[in-house]
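Just so you know, the sequences run in chain order A and B.
Quick note on this note's numbering: the first sequence kicks off at 30 and runs consecutively.
Quick note on this note's numbering: the second sequence kicks off at 6 and runs consecutively.
Idealized CB from N, CA, C, for every residue including glycine.
Heads up: the structure comes next, in structure tokens.
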Amino acid sequence: MNNRLRVLRAQRNWSQAELALQLDVSRQAVNAIETGKHDPSLALAFRIARLFSLSIEEVFDDARK
Amino acid sequence: MMPGNEAPEDRPYPSGALSVLSLVAGVVAMCAFTWIAGHWSGLLFTQPVNEPPGWHGFLAMNLCLCAGAIWGLLSLKPLKAAVNVLSMLLVIMGLFGFALALGLLKVQRTFPWPWPWQVECMVAVNLALGAAAILGLLGLKPWKTWQRQDEPLSPRTRRSVNLLWLATAIVAASALALVVDGARSAGPRVDSFGDWINSPISRGLACFVIAGWLLGMAINKWWWYFSADEHERRSDDFGNLLAWAVFLIVTPAWWVAARAGLVPRPDAMLLWLVTSVIAALGWFWRRNA
Numbered sequence: 030m031n032n033r034l035r036v037l038r039a040q041r042n043w044s045q046a047e048l049a050l051q052l053d054v055s056r057q058a059v060n061a062i063e064t065g066k067h068d069p070s071l072a073l074a075f076r077i078a079r080l081f082s083l084s085i086e087e088v089f090d091d092a093r094k
Numbered sequence: 006m007m008p009g010n011e012a013p014e015d016r017p018y019p020s021g022a023l024s025v026l027s028l029v030a031g032v033v034a035m036c037a038f039t040w041i042a043g044h045w046s047g048l049l050f051t052q053p054v055n056e057p058p059g060w061h062g063f064l065a066m067n068l069c070l071c072a073g074a075i076w077g078l079l080s081l082k083p084l085k086a087a088v089n090v091l092s093m094l095l096v097i098m099g100l101f102g103f104a105l106a107l108g109l110l111k112v113q114r115t116f117p118w119p120w121p122w123q124v125e126c127m128v129a130v131n132l133a134l135g136a137a138a139i140l141g142l143l144g145l146k147p148w149k150t151w152q153r154q155d156e157p158l159s160p161r162t163r164r165s166v167n168l169l170w171l172a173t174a175i176v177a178a179s180a181l182a183l184v185v186d187g188a189r190s191a192g193p194r195v196d197s198f199g200d201w202i203n204s205p206i207s208r209g210l211a212c213f214v215i216a217g218w219l220l221g222m223a224i225n226k227w228w229w230y231f232s233a234d235e236h237e238r239r240s241d242d243f244g245n246l247l248a249w250a251v252f253l254i255v256t257p258a259w260w261v262a263a264r265a266g267l268v269p270r271p272d273a274m275l276l277w278l279v280t281s282v283i284a285a286l287g288w289f290w291r292r293n294a
């Protein structure tokens, strides 16, 4: 699944660790999501979207379009 | 920190070849340490100290292997992998050193004074090895590679890291107690490292270790699993699945081969060790990939 997490994080000038702290996950988890090696659960996807005040579709893309 | 600058730090291995080299050197050094420890334990618990023919040459060769491996790892010090492999070696060396010294002292107490001068030398050498290992670890500071010093940790992540440390402490304490007590009960009859590892232990210690594993490790594992975030849990599941697959495939093959007289009978603890290592490697690889 594609996502815009790295771009959104860069826009706010956050490090991976800072984003991880706000999401209550490890830095490795943020890195894995950004690089597409880990697809987050629905609950975590909602947390990410809410953190950036966006909808899930604006952060994640199922790459089928 | 600019996010764009993080890519190299997220990939701590700048060169695959150097990382592989450091790991190979680490494995060679570990084998050499094990051989040396085996020879030492065999000699230490033989009364009087009998040196088998060619022992000095064999020991010198292993010491050279150790020195070469450590030198190679030190030259690769900038690599996180090298620092961690070398630290692991130092932990093993320290455990062996202190455990052998303590075991030797416990056994020798049953023999009249004065002890053979070789025994006193071996105790001193093993204590020096343990002390050198601690000094080496303090100098290398491997914990600095495990986590960025200024990296904030969420409460969940901090809890799971602390629980991992607690599990490591339980394993180390159990291993040290078993080695020391095994050496005491085995006494001077033991002349090989394998016999020493499987030697009988006292019931009191066994109860303590069993309680530590059944209660301490079970609670720790359960608590860790539900403290870790979903990526960590999925990495753990991957490692466990890998280990289970290896167990399913290897165990019957070993059992059949043993029945045919091709190999010794399956060893439960060896299978446990192999599957545990595979599970840990699988978890670590998936977590940091």
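Of all residues in the region 50-68 of chain A, only L50, D53, V54, S55, R56, Q57, A58, N60, A61, K66 and H67 come within less than 7 Å of chain B when Cβ atoms are compared, listed by chain position. Where A/A39 is concerned, the enclosing alpha helix (DSSP H) starts and stops at L34 to Q40. A contact is defined here as three or more CB-CB pairs under 8 Å, and the region 257-264 of chain B fails this definition with respect to the region 204-223 of chain B.
Taking a beta-carbon distance threshold of 8 Å, A/E47 counts as an interface residue toward chain B. In the three-state reduction of the DSSP assignment, B/F103 falls in the helix class.
Spatial neighbours of B/N225 in its own chain (CB-CB distance under 8 Å, excluding positions within 5 residues in sequence) are listed in chain order as L168, L171, A172 and I175.
Here A/I85 is not near A/L34, since their CB atoms are 8 Å or more apart. Under the DSSP assignment, B/E235 falls in the alpha helix (DSSP H) whose first and last residues are E235 to R264. In the three-state reduction of the DSSP assignment, A/D91 falls in the coil class, being assigned neither a helical nor a strand state. Put simply, the region 88-105 of chain B does not touch the region 154-163 of chain B. Fewer than three CB pairs are less than 8 Å apart. At a Cβ-Cβ threshold of 8 Å, B/L142 and B/L181 do not count as neighbours. Note on geometry: alpha-carbon atoms of A/L80 and A/K66 lie some 21 Å from one another. Cα atoms of B/M222 and A/S82: separation of roughly 41 Å, rounded to the nearest angstrom. Shortest Cα-Cα distance from B/A216 to any of B/L140, B/N245 and B/S179 involves B/S179. Cβ-Cβ distances below 7 Å link A/R56 to Q45, A46 and A49 in the same chain, with the five nearest sequence neighbours on each side left out; the list follows chain order. Neighbourhood of A/L73 in chain B, by CB distance below 7 Å: E235, in chain order. Within the DSSP bridge table, the entry for A/N31 names A/D90 as partners. Here DSSP, grouped into helix, strand and coil, assigns B/I215 to helix. Taking C-beta atoms under 8 Å as the contact rule, B/V124 and B/L109 qualify, at a distance of about 7 Å.
Leaving aside the five residues that flank B/A233 on each side, the residues in its chain whose CB is nearer than 6 Å to its CB run, in chain order, S165. According to the DSSP assignment, B/M274 belongs to the alpha helix (DSSP H) that extends over A273 to N293. Collapsing the DSSP output to three states places A/V54 in coil. Distance from the CA atom of B/A273 to the CA atom of B/F252, rounded to whole angstroms, is 11 Å. Interface criterion not met: the Cβ of A/S82 is under 8 Å from no Cβ in chain B. Assigned with DSSP and collapsed to three states, B/E125 falls in helix. Our two residues, A/D91 and B/V88, have alpha carbons roughly 40 Å apart in a direct line.
Nearest to B/L134 by alpha-carbon distance, out of B/F103, B/K146 and B/C69, is B/F103. Put simply, the backbone Cα of B/V185 is about 6 Å away from that of B/L107.
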